[in-house]
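J.:
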Amino acid sequence: MQTLDLVYSLKRRFGPNARDGFEKFVSKDRELSNFMELLSPNAAVVRKRAWTMLNTPIGLSGPGSVTYLMALTALVRVEGLAGRLSAASSLASAVRKLAAAPISDSETRYRRECLLEDMDHWLRRFGLSHAPPGRSFRPAEDSMFPAADTRAKREEIGLSSNADGALGTYLSLCQRTGADACLILLRGHLVTEWYSDRYSGQPINIYSSTKSITGLVAAIAEGDGKLNSDEKVAKYLKDWRGGMRDEVTVQDLLDMTAGLPDDSELYSRGIPLTADLDRNALGLKPIHDRGDWAYCSYGVQLLDPILEQVLGKPVHEFARKRLFGPLGIGRDSGFDTDPFGNTDLFTGAKFRARELARIGAVVLAKGKWQGTQVIPEDWIQTVAYDSSGAYSDLFYLDDYSRKLPKKYRTHWIGMRGAYSNNCTIFPDLEMVIVRLQKNFWSWTEQDYDLKEPAAIAALARAIEAEKPSALPQGHGLK
21 MQTLDLVYSL KRRFGPNARD GFEKFVSKDR ELSNFMELLS PNAAVVRKRA WTMLNTPIGL
81 SGPGSVTYLM ALTALVRVEG LAGRLSAASS LASAVRKLAA APISDSETRY RRECLLEDMD
141 HWLRRFGLSH APPGRSFRPA EDSMFPAADT RAKREEIGLS SNADGALGTY LSLCQRTGAD
201 ACLILLRGHL VTEWYSDRYS GQPINIYSST KSITGLVAAI AEGDGKLNSD EKVAKYLKDW
261 RGGMRDEVTV QDLLDMTAGL PDDSELYSRG IPLTADLDRN ALGLKPIHDR GDWAYCSYGV
321 QLLDPILEQV LGKPVHEFAR KRLFGPLGIG RDSGFDTDPF GNTDLFTGAK FRARELARIG
381 AVVLAKGKWQ GTQVIPEDWI QTVAYDSSGA YSDLFYLDDY SRKLPKKYRT HWIGMRGAYS
441 NNCTIFPDLE MVIVRLQKNF WSWTEQDYDL KEPAAIAALA RAIEAEKPSA LPQGHGLK
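Below is the structure:
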């Protein structure tokens with residue numbers, strides 16, 4: 021049976037007026053209603069769009085197929101929750117066939133994989149999967165993480181019941197809000213590590229946290245004397261000149277103060293974008309005063325041709341040799357590239373939780389890893405301790421801490437990615453928190469963002485109350 025025939029059959033199950041029947045069913049289930057809002061802030065628009073897509077054949081080999089599959093997998097869940105298991109199973113089979121269509125775009129492949137993993141998670145809940153019940157992924161031990169039993173590690177270092185409870189509360193928040201991995205390092209010790217039953221152990225896209233990795237690569241290049249962040253961008257890019265461009269420095273790109281349009285302005289202006297990321301970046305023009313902060317992803321991508329020029333090699337190759345390799349990060353992790361060979365510097369890097377924790381740990385250790393200075397210490401000092409703003413060198417600084425009452429604030433620097441793919445570093449507490457979420461369409465991310473500041477504040481207060489002697493240093497970080 022053709023997929024659209026399946027969909028039409030499915031719609032008929034909701035009665036003569038399929039859309040009204042569908043909406044009434046959804047409106048009775050608050051969780052499902054929230055779930056359907058994942059495609060848009062307006063639930064009515066979501067439902068209308070879903071049915072429109074399911075009536076409109078589209079190309080199944082392009083990025084648009086992901087949105088189509090999102091609607092289909094949503095209906096798999098609708099059928100399962102309604103007890104119509106035969107329809108859910110048939111539709112799931114159709115989804116798998118559609119997802120098998122060849123595709124060259126790596127991001128689309130990744131999103132398809134995410135959708136299938138989440139669908140399988142729900143099929144197991146409905147009793148429709150022949151796969152064994154999901155079990156938490158457990159990575160192999162390594163030199164940095166010698167103890168797999170985090171409970172024993174907490175007892176060994178003498179964490180109080182208050183601190184232990186705060187760790188559990190934060191982990192519970194991650195579990196309730198769609199996370200696939202949560203890892204906490206405290207003074208070099210792995211005190212929390214958890215994985216969802218969806219997670220298979222493969223690297224997870226950290227989205228805009230990629231920008232912070234770019235900041236580290238730029239710091240290494242500057243430490244080598246190959247890059248001068250105070251120089252004008254026009255010095256490195258001869259084709260990026262004229263008007264307000266002439267005043268923009270490399271540091272402006274790193275701090276997002278180049279006056280470039282923010283992401284919403286970029287798309288609302290209808291600026292044509294291609295698969296060539298560097299070409300898109302080179303077409304940017306400042307529209308704000310230099311020094312005004314605006315979140316411009318393609319402004320970060322403008323660093324790619326600059327870094328490739330000064331390094332003499334693609335950025336992803338340099339990062340592998342100077343950052344990922346020394347930290348023991350797998351070769352299937354790291355930066356992504358576009359079809360033209362450009363390194364994607366603003367989104368798309370993928371890491372496992374332990375790998376991202378290693379990056380957080382080396383920042384925490386002032387750039388040193390097992391006796392080797394990987395990242396310049398003066399850069400760490402400037403960004404982590406001396407910066408007074410809320411954003412520096414592609415890292416966030418205390419942004420949600422500022423929203424809390426003063427007595428609850430704690431100093432941190434962080435990598436922040438879509439779907440709460442975050443790595444948060446607390447220099448004063450010697451703590452690193454990693455939260456990863458592969459399920460890119462979970463409706464619970466907003467819930468996490470709302471509750472994260474208070475949960476982090478409670479955890480920080482509990483850790484601050486610990487006696488330093490009770491928390492011995494870990495091994496292998498410095």
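Heads up: the sequence shown is residues 21 to 498, going by our numbering. Each residue gets a CB set at the ideal place from its N, CA and C atoms; glycine is no exception.
With DSSP collapsed to three states, give me the class of Ile483.
T.: Locating residue 483 in the sequence shown gives position 463, counting from the first residue. Residue state, collapsed to three classes: helix.
J.: Expressed to the nearest angstrom, what Euclidean distance is found between the alpha-carbon atoms of Ala241 and Gly100?
T.: In the sequence shown, residue 241 corresponds to position 221, counting from 1. In the sequence shown, residue 100 corresponds to position 80, counting from 1. When rounded, the distance between both Cα atoms is 53 angstroms.
J.: DSSP puts Val452 in a beta bridge; with which residues?
T.: Position 432 of the sequence shown, counted from the start, is the residue given in the question as residue 452. In DSSP, Val452 forms a bridge with Leu205 and Ile445.
J.: Just how far apart, CA to CA, sit Leu143 and Ala120?
T.: Stepping through the sequence shown from its first residue, residue 143 is reached at position 123. Stepping through the sequence shown from its first residue, residue 120 is reached at position 100. Taking the straight line joining both Cα atoms gives about 18 angstroms.
J.: Applying the criterion that 16 or more other CB atoms from any shown protein chain within 10 Å of the CB defines a buried residue, is Leu470 buried or exposed?
T.: In the sequence shown, the residue the question calls residue 470 occupies position 450. Leu470 is classed as exposed because its beta carbon has fewer than 16 other beta carbons within 10 Å across all chains shown.
J.: May I ask you to report which of helix, strand or coil DSSP gives Thr230?
T.: Reading the sequence shown from its first residue, position 210 is the one you call residue 230. Three-state DSSP puts Thr230 in a helix.
J.: Would Gly387 and Ile400 qualify as a contact pair, given that the criterion is a beta-carbon distance under 7 angstroms?
T.: As a working mapping, residue 387 is identified with position 367 in the sequence shown. As a working mapping, residue 400 is identified with position 380 in the sequence shown. At the C-beta level, Gly387 and Ile400 come within 7 angstroms of one another.
J.: Got a sec: is the Cβ-Cβ distance from Arg131 to anything in chain B below 7 angstroms?
T.: In the structure shown, chain B cannot be found, because there is only a single protein chain.
J.: Quick one: Cα of Gln393 to Cα of Asp309, how far?
T.: For the purposes of this step, residue 393 is identified with residue 373 of the sequence shown, where counting begins at 1. For the purposes of this step, residue 309 is identified with residue 289 of the sequence shown, where counting begins at 1. C-alpha separation (whole angstroms): 37 angstroms.
J.: Measuring CB atoms only, is the segment 448 to 456 touching the segment 312 to 326, in the sense that at least three cross pairs come out at less than 8 angstroms?
T.: By the Cβ rule, the segment 448 to 456 does not count as touching the segment 312 to 326, because fewer than three pairs are nearer than 8 angstroms.
J.: Roughly how many whole angstroms lie between the Cα atoms of Cys202 and Gln195?
T.: One-based indexing of the sequence shown puts residue 202 at position 182. One-based indexing of the sequence shown puts residue 195 at position 175. Spanning the alpha carbons of Cys202 and Gln195 requires a straight line of approximately 8 angstroms.
J.: Can you give the Cα-Cα distance for Gly345 and Asp324, rounded to whole angstroms?
T.: The residue given as residue 345 occupies position 325 in the sequence shown. The residue given as residue 324 occupies position 304 in the sequence shown. Cα-Cα distance, rounded: 20 angstroms.
J.: Hey, would you say Val560 sits closer than 7 angstroms to Leu247, going by beta carbons?
T.: Shown here, the chain extends from 21 to 498; a query on residue 560 therefore has no answer.
J.: Check this for me: beta carbons of Gly437 and Tyr130, under 7 angstroms apart or not?
T.: Taking the sequence shown and counting its residues from 1, one reaches residue 437 at position 417. Taking the sequence shown and counting its residues from 1, one reaches residue 130 at position 110. No; because the gap between Cβ atoms is not below 7 angstroms, this pair is not in contact.
J.: Please report how far the alpha carbon of Arg374 lies from the alpha carbon of Trp214, in whole angstroms.
T.: As a position in the sequence shown, residue 374 is number 354, starting the count at 1. As a position in the sequence shown, residue 214 is number 194, starting the count at 1. Computed Cα separation, rounded: 11 angstroms.
J.: Alpha carbon to alpha carbon, how far is Lys370 from Gly350? Give it in angstroms, no decimals.
T.: On the sequence shown, position 330 is the one that residue 350 refers to. On the sequence shown, position 350 is the one that residue 370 refers to. Roughly 10 angstroms between the two C-alpha positions.
J.: Tell me, please, whether the segment 348 to 367 touches the segment 203 to 211 by the rule of three or more beta-carbon pairs shorter than 8 angstroms.
T.: As far as the Cβ criterion goes, the segment 348 to 367 does not touch the segment 203 to 211, which means the pair count is below three.
J.: Starting from the C-beta of Gly154, find all residues in its chain whose C-beta is less than 8 angstroms away, skip the five residues before and the five after it, and write them out in chain order.
T.: Within the sequence shown, residue 154 is the residue found at index 134, counting from 1. Here Gly154 scores only 46 on pLDDT, less than 50, and its place in the model is too uncertain to base an answer on.
J.: How would you call Ser192, buried or exposed, if buried means at least 16 neighbouring beta carbons within 10 angstroms?
T.: On the sequence shown, residue 192 is found 172 positions in, with the first residue counted as 1. With fewer than 16 Cβ atoms within 10 Å of its Cβ, Ser192 is classed as exposed.
J.: Kindly give me the distance between the Cβ atoms of Leu297 and Gln321, rounded to whole angstroms, as I take these residues to be in contact under 8 angstroms.
T.: The residue labelled residue 297 in the question sits at position 277 within the sequence shown. The residue labelled residue 321 in the question sits at position 301 within the sequence shown. 5 angstroms between Cβ atoms; contact.
J.: Run through DSSP, which three-state label would Met264 get?
T.: The residue you call residue 264 lines up with position 244 of the sequence shown. Helix.
J.: How long is the line joining the alpha carbons of Met90 and Gly361, rounded to whole angstroms?
T.: In the sequence shown, the residue the question calls residue 90 occupies position 70. In the sequence shown, the residue the question calls residue 361 occupies position 341. Each residue's Cα considered, the two are about 29 angstroms apart.
J.: Find the nearest neighbour of His209 within the set Ala478, Val96 and Glu175, judged by alpha-carbon distance.
T.: Position 189 of the sequence shown holds residue 209. Cα-wise, what sits closest to His209 is Glu175.
J.: Can you tell me whether Arg342 is buried or exposed? The criterion is at least 16 other CB atoms within 10 Å of its CB, across all chains shown.
T.: For the purposes of this step, residue 342 is identified with residue 322 of the sequence shown, where counting begins at 1. That one is buried.
J.: Rounded to whole angstroms, what's the CA-CA distance from Ala404 to Pro447? Just pull it up for me.
T.: Within the sequence shown, numbered from 1, the residue matching residue 404 stands at position 384. Within the sequence shown, numbered from 1, the residue matching residue 447 stands at position 427. Answer to the nearest angstrom: the Cα atoms are 7 angstroms apart.
J.: Any idea if Gly198 is buried or exposed, counting beta-carbon neighbours within 10 angstroms, 16 or more meaning buried?
T.: Counted from its first residue, the sequence shown places residue 198 at position 178. Classification for Gly198: buried.
J.: Please list the terminal residues of the continuous alpha helix (DSSP H) segment that includes Leu280.
T.: Counting from one through the sequence shown, the residue named residue 280 turns up at place 260. No alpha helix (DSSP H) holds Leu280; DSSP gives it neither H nor E.
J.: Between Leu347 and the rest of its own chain, which residues show a CB-CB distance below 8 angstroms, the 5 nearest in sequence each way excluded?
T.: Counted from its first residue, the sequence shown places residue 347 at position 327. Contacts found: Glu375, Arg378, Ile379, Val382, Trp389 and Val394.
J.: In the structure shown, what three-state DSSP assignment does Leu417 receive?
T.: Walking along the sequence shown from the start, residue 417 turns up at place 397. In this structure, Leu417 counts as strand in the three-state DSSP scheme.
J.: If you run the structure through DSSP and keep just helix, strand and coil, what is Lys370?
T.: For this step, residue 370 is matched to residue 350 along the sequence shown. Lys370: strand per DSSP, three-state reduction.
J.: Could you tell me if Lys173 is buried or exposed, where buried requires 16 or more neighbouring beta carbons within 10 angstroms of its beta carbon?
T.: Within the sequence shown, numbered from 1, the residue matching residue 173 stands at position 153. Counting other Cβ atoms within 10 Å of its Cβ, Lys173 reaches 16 or more and is therefore classed as buried.
J.: Below 8 angstroms CB to CB, which residues in the same chain sit around Ala86 once its five sequence neighbours on both sides are set aside?
T.: Here residue 86 refers to the residue found at position 66 when the sequence shown is read from its first residue. Note on identity: in this sequence residue 86 is Val, with Ala being the wrong assignment. If we look at Val86 and ignore the five residues flanking it on each side, its Cβ neighbours are Thr128, Arg131, Arg132 and Leu135.
J.: Under a three-way DSSP split, which group does Gln457 fall into?
T.: Residue numbering aside, residue 457 sits at position 437 when the sequence shown is read from its first letter. Three-state DSSP puts Gln457 in coil, outside helix and strand.
J.: Report back the beta-carbon spacing between Ala475 and Thr189 to the nearest angstrom; my notes put them in contact at under 8 angstroms.
T.: Against the sequence shown, residue 475 aligns to sequence position 455. Against the sequence shown, residue 189 aligns to sequence position 169. Sure, about 6 angstroms apart at Cβ, within 8 angstroms.
J.: Mind reading off the beta-carbon distance from Lys458 to Glu137? Whole number of angstroms is fine, and I expect it under 8 angstroms.
T.: As a first step, residue 458 is located in the sequence shown; it is residue number 438 there, counting from the start. As a first step, residue 137 is located in the sequence shown; it is residue number 117 there, counting from the start. With 8 angstroms as the limit, Lys458 and Glu137 qualify as a contact, their Cβ atoms being about 7 angstroms apart.
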